[in-house]
Amino acid sequence: GEQQRVAIARALINDPFVLIADEPTGNLDERATRSVFQLLRDINSSGTAVIMATHDLDLVRRSNYRTIELNHGRVVFDSSESPASERPIEEPWEVRETPPDATEHI
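Residue numbers for the sequence shown follow the working numbering, so the first one is 191 and each next one is one higher.
The following block contains the structure:
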């Protein structure tokens, strides 16, 4: 849990509007998980939006925060909507390995 707290502290140095945490409680025991989650709650309470990706369904179920569940790139549950909707996620940006040939546009 200490490494996660240090990583979160580093992320907060520039006082961000949004903190994105990818599996911040992964591989932690229950006590450390609660500690890290409480830290994220405190950060959110101070005005920073927290987006957390996790596979810990028990942690998600115990929270009263907005929850969005994805399955194969689709939203299958959104706690802010009733009933749950299923929408496709937009494709990520296409990234080209090499720039297009400049002579194509001449």
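Note that beta-carbon positions come from the ideal geometry of N, C-alpha and C, so glycine has one too.
Unbroken beta strand (DSSP E) run spanning D246, endpoints = Per DSSP, D246 is not a residue of any beta strand (DSSP E), being assigned neither H nor E.
Identify, in the order they occur along the chain, each residue of the same chain with its Cβ nearer than 7 Å to the Cβ of A274, setting aside the five sequence neighbours on each side.
-> Note that A274 scores 40 on pLDDT, short of 50, meaning its location in the model is unreliable; the coordinates nonetheless yield the value given after this. In chain order, V266, F267 and D268 place their CB closer than 7 Å to the CB of A274, counting only its own chain and leaving out the 5 sequence neighbours on each side.
What's the call for P214, buried or exposed, on a 16-neighbour Cβ count within 10 Å?
-> It is buried - the Cβ of P214 has at least 16 other Cβ atoms within 10 Å.
Going by the CB atoms, is the gap between T244 and P206 shorter than 8 Å?
-> No; because the gap between Cβ atoms is not below 8 Å, this pair is not in contact.
When you compare only the Cα positions, how much space is there between I198 and R221?
-> Each residue's alpha carbon lies about 17 Å from the other.
Taking V240 and L230 to be in contact with their CB atoms under 8 Å, please state how far apart those CB atoms are, rounded to whole angstroms.
-> 5 Å between Cβ atoms; contact.
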